[in-house]
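Residue numbers (this note's numbering), protein chains in the order written: chain A, 656 to 923; chain B, 503 to 806. Reviewing the structure listed below.
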Ligand SMILES: Nc1ncnc2c1ncn2[C@@H]1O[C@H](COP(=O)(O)OP(=O)(O)OP(=O)(O)O)[C@@H](O)[C@H]1O
Ligand SMILES: [Mg+2]
């Protein structure tokens, strides 16, 4: 899609014209000013933005190291959640028996606050990476599962009739129709679940403070010592990582779903 | 009595079909008897809800009749479908939106490959040597108005099933790599036609394939369908709401009527092809159109 596009009213809007970027810039500046005002008047509520920036610049290797630890926990946990959700979604949509067996368990798992399980997992698996991966996998599993089930069942009746008349096998219908058709639903889930994986990793780190690396550990240790600038520097890292993950999903989605309505109706 | 052998006839005997739960059942089809010979183009016409799509689904083996039977050239619909000898074309193009035009047309050759292997083995056994098949399958030039029977005794020619050649013939040679959403509705429907012919099926089942097309697109698409059909010689059952479309396309028109769905009458269309060529032909077509409208009226259908 090109940089410029005729909008609904026939007006050409460019990404470089002030009408496009000014609202965002104004909002960011206003938020920054409000933050500074609060930080100056209540030093125990918020750190000055300059202090946070200074932390990030002077201690860059420290934050990078801990960010990398959290990110790898998040991504490995997410991969486990994704693969298991994928397997369960296929099993559940292909077999009524398995659906009746698995779905109640999956739903109980979903209504259980996974965050509350984290301390128990630390007791069970120790201070290593295992509880972090498990929490992240659990927290990302259900959104992916539900969207994939909807997606796998979204094949239209006429297309299914074409496949059935050709006597395509269930595997062929799965591979050539149901799975590609579920991709838009999968990406909708990934947009939620990529940033969510960071939440899973950080929460698990909170439950095992002082052990190992990770931004969650950094935050809980710094909070205990009232080092607000460090806390917010770590939070800034998390926010940046979350945005980056979301961006990756959106970029991949645009490439993979070129054929889908959500991409066809996109406007600049 | 001289009749074609079972392997050259499509026969529906006393087929009925009801929907709904016991107690509140709705009869969609009541004891339909219907027969056509291999290579014919037959249209089914009738008001909404008279069971046209239901009859087509029975022929496709997508559903089973409650009573009665369906025989497609000596096989059951299930056997014919397992052998990939049926191509079904629904009202919407039903293309895979993520696959290119060419990939969509190749779909029939990519699924149920076992049927292809069996068909090839059978053809080799018949032909004796591998390349005799191609000679045997060469289409016999059909003179306009020539009796239909002889040219259909041949199996579906393989050459006509090449996806690129089919798409080129349908005017889509430049769009092989396009995605379906990049095409107009008429082009999408032609891709669906190409896919149906790429199946190399004996039986083409089409459920109002052109109802969403404007009149000009519709006429040219009809002509392309006829050209392919005459070349390939498959049997076509074509559901439509349009009397002129039924008449110009078909060897016979089946008039159905509702509550419950049944066949009111069958009108053979005895006009030589090509049919849009001259005044005499178009006058004859108009007479048939009036005749069929009369039959529809007798069957209790209000025509607009
Ligand atoms: N799957 C189904 N479940 C319940 N009733 C059905 C089903 N399919 C068809 N019917 C009923 O059977 C009757 C015939 O339907 P059918 O779709 O065959 O009609 P049609 O002639 O194709 O109509 P149209 O021209 O509108 O497509 C209708 O009364 C319809 O309500
Ligand atoms: Mg119908």
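In this text, a Cβ means the ideal position worked out from N, Cα and C, and glycines have one as well.
Closer than 9 angstroms to the CB of residue 820 of chain A there is at least one CB belonging to chain B.
Among the CB atoms of chain B, none fall inside 9 angstroms of the CB of residue 809 of chain A. With a threshold of 8 angstroms, the Cβ atom of residue 756 of chain B does not count as near ligand 2, since no heavy atom of the ligand is closer than that. Residue ranges of uninterrupted beta strand (DSSP E) with 3 or more members are absent from the region 867 to 896 of chain A; none lies entirely inside it. Counting only the Cα atoms, residue 679 of chain A lies some 54 angstroms from residue 721 of chain B. Put simply, the backbone Cα of residue 541 of chain B is about 14 angstroms away from that of residue 770 of chain B. Around the beta carbon of residue 802 of chain B, a 10 Å sphere encloses fewer than 16 other beta carbons of the protein chains shown; the residue is thus reported as exposed. Taking 8 angstroms as the cut-off, the C-beta of residue 528 of chain B counts as close to a heavy atom of ligand 1. In the three-state DSSP reduction, residue 776 of chain B falls in the coil class, being neither helix nor strand.
Not flagged as an interface residue toward chain A: residue 686 of chain B, since no C-beta distance is shorter than 9 angstroms.
When Cβ-Cβ separations below 9 angstroms define contact, residue 817 of chain A makes contact with chain B. Identification of residues in the region 700 to 712 of chain B having a C-beta nearer than 8 angstroms to some C-beta of chain A yields 701, 707, given in sequence order. In the DSSP assignment, residue 730 of chain A falls within the alpha helix (DSSP H) that extends over 715 to 749. Straight-line spacing of the CA atoms in residue 857 of chain A and residue 725 of chain A works out to 7 angstroms. In this structure, residue 755 of chain B lies near residue 768 of chain B, with their beta-carbon atoms less than 9 angstroms apart. The CB of residue 682 of chain A never comes closer than 9 angstroms to any CB in chain B; the least such distance is about 36 angstroms. Under the three-state reduction of DSSP, residue 539 of chain B is assigned to strand. Against chain B, the beta carbon of residue 824 of chain A has neighbours under 8 angstroms at 613, 614, listed in chain order. Secondary structure of residue 806 of chain A (DSSP, three-state): helix.
Below the 8 angstroms Cβ cutoff, chain B contributes 592, 593, 594, 596 as neighbours of residue 813 of chain A, in chain order.
Only residues of its own chain outside the window of five on either side were considered, and among them 871, 875 have a CB closer than 7 angstroms to the CB of residue 861 of chain A, listed in chain order. Judged by their CB atoms, residue 805 of chain A and residue 840 of chain A are nearer to each other than the 9 angstroms cut-off. Here residue 823 of chain A is near residue 614 of chain B, since their CB atoms are less than 9 angstroms apart. At a cut-off of 9 angstroms between beta carbons, residue 845 of chain A makes no contact with chain B.
Looking only at A:863, A:851, A:904, the smallest Cα-Cα distance to residue 894 of chain A is reached by A:851. At a cut-off of 8 angstroms, the beta-carbon of residue 797 of chain B does not count as near ligand 2: no heavy atom of the ligand is closer than that. Residues of the region 526 to 559 of chain B with a C-beta atom less than 7 angstroms from some C-beta of chain A do not occur.
Chain-ordered, the chain A residues with CB closer than 8 angstroms to the CB of residue 564 of chain B read 816, 819, 820.
The beta carbon of residue 795 of chain B sits no closer than 9 angstroms to any beta carbon of chain A. The beta carbons of residue 607 of chain B and residue 669 of chain B sit about 6 angstroms from each other, so the pair counts as a contact at 8 angstroms. The region 683 to 690 of chain B makes contact with the region 594 to 604 of chain B; the number of CB pairs closer than 8 angstroms reaches 3 or more. In this structure, B:536 is the residue among B:536, B:672, B:517 with its C-alpha nearest to the C-alpha of residue 511 of chain B. Listed along chain A, the residues sitting closer than 8 angstroms to residue 586 of chain B by beta-carbon distance are 821, 822. Between residue 582 of chain B and residue 698 of chain B, the gap from beta carbon to beta carbon reaches 9 angstroms or more. Nearest in C-alpha terms to residue 509 of chain B, of all of B:730, B:575, B:597, is B:575.
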